[in-house]
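Numbered by the working numbering, the letters in the sequence shown go through residues 2 to 503 in order.
We put the CB at the ideal spot given by N, CA and C, even for glycine.
This one's a predicted model, so the numbers in the text were calculated from it and none came from an experiment.
A quick write-up on the structure given underneath.
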Amino acid sequence: MLSRLRSAAVFGVEAYPVQIEVDVSFGLPSFTMVGLPDTTVRESRDRVRLAIRNSGYEFPPHRITVNLAPADVRKAGSSFDLPIALGVLATTGQLAPTTFNDTLVLGELSLDGGINAIRGVLPIAVAARRLGVSRLLLPPQNAAEASVVDGLVVCVARSLGDAMEALRSPTTSARRSSRPEMMTTPCDGDLADVRGQLLARRALEIAAAGGHNLLLIGPPGAGKTMLARRLPGILPPLTFDEALECTAIHSVAGTLPSGSGLLTWRPFRAPHHTISNVALVGGGAIPRPGEISLAHNGVLFLDEMPEFDRRVLEVMRQPLEEGRVTIARAARAAVFPARFVLTAAMNPCPCGFRGEEHRVCRCTPGDIARYNGRVSGPLRDRIDLIVEVPAVPISAIADAEPGEASAVVRARVVAARDVQHARYGSDGPRMNADLRGIAVKTNCEPDRRGRALLLSAAKQFRLSARGYDRVLKVARTIADLASCERVEREHVAEALQYRLAE
Ligand SMILES: Nc1ncnc2c1ncn2[C@@H]1O[C@H](COP(=O)(O)OP(=O)(O)O)[C@@H](O)[C@H]1O
Ligand SMILES: [Mg+2]
């Protein structure tokens, strides 16, 4: 006796169909799994057996073989538990296998027959739609995520018994999914809390408007962390497509809050400086996204950047350039999107007080060079805005007026993004910082005076070709914030200021 059920698995952020075949034949009792299951999948044998028994069904004392097709792709995870158990029940005549063909089944079993949440449901739901499946049978915690996709019937099962019941009942028609409203990322506070620091505030606004990477350099207590943590509050809300991309990544990583559907705000990720290579860029035998992908369409904040292992920082270089990360594995490569705004903070020297008026810095030139060297030249070259953040004296903080509120700044950022969207269209780059190669020249070419200024600065400060393009892109964003069609000299001058401050 043989039964077949449809299931699916995820590689990278793409889902692919997996057919679960269960055969029960006479012979000595055994439970074999083929089709490249890894240990996590093989463990499902015990869960399946006990869940079936503890739910009051009969587990056949025969030879059971489970095949996961395609057999040449390695499978991991616990999401095949439920389809395997249903397959065993169908093969032994405890469940009529009539409605299997239009239903895709996923879920992890617990020993009492309960069903637990799994990862990667959104990409699977998208693929199910493409494969012509009309119904998904899922753990209840994953239902919100699956119902983001239009045209699918989402059935939930809390237990193996529920799942049997759901499969026996006929397929109902699909609801149209509702699109949730996009929101601003909840932040530590408002920009109005920051007194003074006009240059850094301006840099934050430019970074948000054009998607530029930003480095804040200043002594301890200057407010670097405070400023950086307020960046997500001035970013425009996600578009629906961006939200789908972010949700798929977080779904695969297992970082979606339980029971949540679409992610409705831009992610803000602030990993600790002890983070490993794999945790930052992603990896593993079955590749999982790292922090740079979890920050996709949002902000990656590296506080105290020189404290990060230098090799860890260097692996970010390529993703910073390409907006995605490719993790090569023997069989095939997984690609994760990783287009984020990098925001970093550091002190000017190891003790932190270099250049401070009332403090003494005892760092030697060697100490300072070593400290700065931890953030390599090529990495700095990928940071468009470098800003000095001097400490604001306590008296000045107490007396100063509150700064402009985040909502006011965000309105200007949204307007500048609209200008960019109108210029590049929906298929082009999303932001000025995404421009590459010839597109920089065609979109950011300054007027005659701006060009003259840029050429002389490039010579004087030995700008690299990449550095030159980056100044142009920042100037374009400054012009967009000012609603100027042409990049003018003053825009170039301001952009240069963020390049040379070091
Ligand atoms: N410009 C400022 N306006 C208001 N508060 C400030 C300012 N600069 C520093 N502070 C206060 O000092 C604290 C420390 O700032 P923090 O961002 O941690 O500094 P850093 O990261 O540069 O060491 C902040 O939480 C805030 O209370
Ligand atoms: Mg800090």
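Legend entry - Close Cβ partners of Asp470 (< 7 Å) along its chain, the five nearest in sequence each way excluded: If the five residues before and after Asp470 are omitted, its C-beta is found closer than 7 Å to the C-beta atoms of Val441, all from its own chain and listed in chain order.
Inset, instruction - Return yes when the Cβ of Asp82 is within less than 7 Å of the Cβ of Ser45, no when it is not. - result: When the beta-carbon positions are compared, Ser45 and Asp82 come within less than 7 Å of each other.
Inset, instruction - Return yes when at least one heavy atom of ligand 2 lies under 6 Å from the C-beta of Thr275, else no. - result: Thr275: no, Cβ never under 6 Å from ligand 2.
Inset, instruction - Count the other CB atoms, across all protein chains shown, that sit within 10 Å of the CB of Thr33; report buried if there are 16 or more and exposed otherwise. - result: The residue in question, Thr33, is exposed, as its Cβ has fewer than 16 Cβ neighbours within 10 Å.
Legend entry - Continuous alpha helix (DSSP H) stretch holding Thr478: start and end: Run containing Thr478: Ala466 to Leu482, per the alpha helix (DSSP H) assignment.
Legend entry - Beta-carbon contacts of Ala249 that lie in its chain and below 7 Å, excluding the five residues immediately before and after: Result list for Ala249: Val14, Leu123 and Pro124, in chain order.
Inset, instruction - Kindly list the residues whose CB is nearer than 6 Å to the CB of Phe101, restricted to its own chain and excluding five residues on each side of it in sequence; keep chain order. - result: Within the same chain, Leu6 come within 6 Å of Phe101 by CB-CB distance, once the 5 residues on both sides are set aside.
Inset, instruction - Indicate the three-state DSSP secondary structure (helix, strand or coil) for Met34 in the structure shown. - result: Strand at Met34.
Legend entry - Cβ-based neighbour list, Ile85, same chain, cut-off 7 Å, excluding 5 preceding and 5 following: Contacts found: Ile21, Val23, Ser45, Val49 and Val67.
Legend entry - Beta carbon of Arg64 nearer than 7 Å to that of Gly255: If you check the CB distance, Arg64 and Gly255 do not come in under 7 Å.
Inset, instruction - Could you have a look at Ile276 and say whether DSSP puts it in helix, strand or coil? - result: It is coil, neither helix nor strand.
Inset, instruction - Could you tell me if the beta carbon of Thr226 falls within a distance shorter than 6 Å of some heavy atom in ligand 2? - result: Flag set: Cβ of Thr226 near ligand 2.
Legend entry - Buried versus exposed call for Gln461 [16 or more other C-beta atoms within 10 Å across all chains shown]: Result: exposed.
Inset, instruction - Please report the Cβ distance between Leu507 and Leu205, rounded to the nearest whole angstrom; I am assuming they are in contact, meaning their Cβ atoms lie under 8 Å. - result: Not covered by the structure: residue 507. The range shown for the chain is 2 to 503.
Inset, instruction - Whole angstroms is fine: what's the gap from Arg289's alpha carbon to Val253's? - result: Our two residues, Arg289 and Val253, have alpha carbons roughly 7 Å apart in a direct line.
Legend entry - Range covered by the alpha helix (DSSP H) that runs through Ala229: Where Ala229 is concerned, the enclosing alpha helix (DSSP H) stretches over Lys225 to Ala229.
Inset, instruction - Report the option in Gly260, Ala193 and Pro268 whose CA atom is closest to the CA atom of Ala515. - result: Given a span of 2 to 503 for the chain in the structure shown, any question on residue 515 remains unanswerable.
Inset, instruction - Identify which residue in Ala223, Leu105 and Arg180 has its Cα closest to the Cα of Leu200. - result: For Leu200, the nearest C-alpha among the options comes from Ala223.
Legend entry - Within the segment 103–133, ranges of the alpha helix (DSSP H) (whole runs, at least 4 residues): Runs found: 122–132.
Legend entry - Nonlocal neighbours in the same chain, by C-beta distance under 7 Å from Ile479, ignoring five residues either side: Hits under 7 Å: Ile207, His492, Glu495 and Ala496.
Inset, instruction - To the nearest angstrom, report how far apart Ile395 and Gly108 are at their CA atoms. - result: Here the alpha carbons of Gly108 and Ile395 stand approximately 56 Å from one another.
Legend entry - For Glu182, the three-state DSSP class (helix, strand or coil): Coil at Glu182, not helix or strand.
Legend entry - Beta-carbon gap between Glu486 and Gly451 smaller than 7 Å: For the pair Glu486 and Gly451, the CB atoms are not nearer than the 7 Å cut-off.
Inset, instruction - Look up Val282 in the DSSP assignment and give the residues it is bridged to. - result: Under DSSP, Val282 shares a beta bridge with no residue.
Inset, instruction - Compute the Euclidean distance between the alpha carbons of Phe27 and Ser427, then round it to the nearest angstrom. - result: Rounded to whole angstroms, Phe27 to Ser427 spans 60 Å at the Cα level.
Inset, instruction - Could you tell me whether the Cβ atoms of Asp368 and Pro379 are closer together than 7 Å? - result: No, they are not a contact pair.
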